[in-house]
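Quick note, in the working numbering, the sequence shown goes up one by one and the last residue is 717.
Cβ atoms here follow ideal geometry from the backbone N, Cα and C, with glycine treated the same way.
All remarks here apply to the structure that follows.
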Amino acid sequence: MSEAENDPALNARATPSGSGKRVRKLLVNLTVVVAIAYTMAAGFMYLNQRSFLFVPTGELSDPAEAGLDQVAVETVTMADGTQISVWSAAPAVEGAPTVLYFHGNSGNVSTRASRFKQILDSGFGLYAPSYRGYAGSEGSPTEVDLISDGREHFQAVAGLTDRIIIHGESMGTGVATAIAADQPDTDLLVLEAPYTALVDRAYEQYPWLPVGLLMIDQMPTRERIGNVRAPILIVHGTEDFVIPVEHGKRLFERAADPKEILIFDGAAHNNLWSQGLWPAVLDAWEKTKAEE
């Protein structure tokens, strides 16, 4: 028998101690628990992602109650039979454009009544659809369906007027850009607090998740805006913590000319209209007409 085999100290170092085994077992168990928790969290986010993205609330009110007597509430049927509510009004001034308005992810069309009043008071027309699954409309919202519906809405407006401004608000900027990229007859695209892509914003909020693999409705505006040939006005606020102003700046870089970006210092996500958004749109429209 060798001297090493009789040395208790060497044998102790060569044989794992009971405490070492317990530590390794604890680490393995902890890894398993973390993996299970992560998988459950990712699964929860995947299954419920649309409830986080699309947040319809409230009832569709009567436009007259908001002082919009000239606005009619129409029910239009999409190609697949889904019925959608639309607030619409013809231009009050001859030659004025109609604003095709795609609203944000929360509330409903009627919660934008004060904005619509500014549009109508300028003599412009209005065509504001309520998304699928939102107040007054059937179905469930998805990126594919909202864009498909948007194309049909554009054609409906084009059948009434030859001057169209597409306005996208927040989540609606992705829909608005997708439609403008497909429709060369768009006269002006207005993007209010836009994002480069919904999946980009999701990654910023959940960097620990593989959102690129999990997210269904990614809405890559950054990939579509370069195909827009209409003049583009981007409006954003420096204190927007819902969609940071860097998103608007990056979209502006990708957009083709003619384009303009207006950044309101101190403005947040939901108060751009009170900061002067609509006068900026009127100014952009005058520039568009001057270039015709």
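- Non-local C-beta neighbours of residue 576 in its own chain, meaning closer than 8 Å and more than five positions away in sequence, comprise 604, 607 and 608, ordered along the chain.
- For residue 640, the CB contacts under 8 Å within the same chain, skipping 5 residues up- and downstream, are 474, 623, 624 and 627 in chain order.
- The Cβ neighbour count for residue 613, taken over all protein chains shown within 10 Å, is at least 16; the residue is labelled buried.
- Two segments are said to touch when three or more pairs of C-beta atoms, one from each, lie closer than 8 Å; by this definition the region 553-572 touches the region 528-544.
- For residue 497, the three-state secondary structure derived from DSSP is strand.
- The beta carbons of residue 598 and residue 649 sit no closer together than 8 Å.
- Secondary structure at residue 611: coil, using DSSP grouped into helix, strand and coil.
- Counting along the chain, residue 541 sits inside the alpha helix (DSSP H) bounded by residues 538-546.
- The beta carbon of residue 503 sits closer than 7 Å to those of 509, 574 and 577, all from its chain and outside the five residues before and after it, given in chain order.
- For residue 523, the secondary structure class from DSSP, reduced to helix, strand or coil, is strand.
- One Cα belongs to residue 655, the other to residue 452, and the distance between them is close to 59 Å.
- A direct Cα-Cα distance of roughly 26 Å separates residue 499 from residue 698.
- Between residue 616 and residue 657, the C-beta gap is smaller than 8 Å, which places the two residues in contact.
- In this structure residue 557 is not in contact with residue 548, their Cβ atoms being roughly 31 Å apart against a cut-off of 8 Å.
- In the DSSP assignment, residue 452 falls within the alpha helix (DSSP H) that extends over 443-478.
- Under a 10 Å Cβ-count criterion, residue 633 is classified as exposed, with fewer than 16 other Cβ atoms of the shown protein chains found around its own Cβ.
- No Cβ-Cβ contact shorter than 8 Å links residue 661 with residue 621.
- The straight-line gap separating the alpha-carbon atoms of residue 542 and residue 479 is approximately 25 Å.
- Within the region 596-666, the complete beta strand (DSSP E) segments at least 3 residues long are 613-617 and 657-662, listed from N- to C-terminus.
- Counting every other CB atom within 10 Å of its CB across the protein chains shown gives residue 465 a total below 16, marking it as exposed.
- A Cβ-Cβ distance of about 24 Å is found for the pair residue 484 and residue 581, leaving them out of contact under the 8 Å criterion.
- Rounded to whole angstroms, the Cβ separation of residue 687 and residue 705 is 5 Å, and the two are in contact under 8 Å.
- In this structure, the beta-carbon distance from residue 692 to residue 664 falls below 8 Å.
- Non-local C-beta neighbours of residue 680 in its own chain, meaning closer than 6 Å and more than five positions away in sequence, comprise 650 and 657, ordered along the chain.
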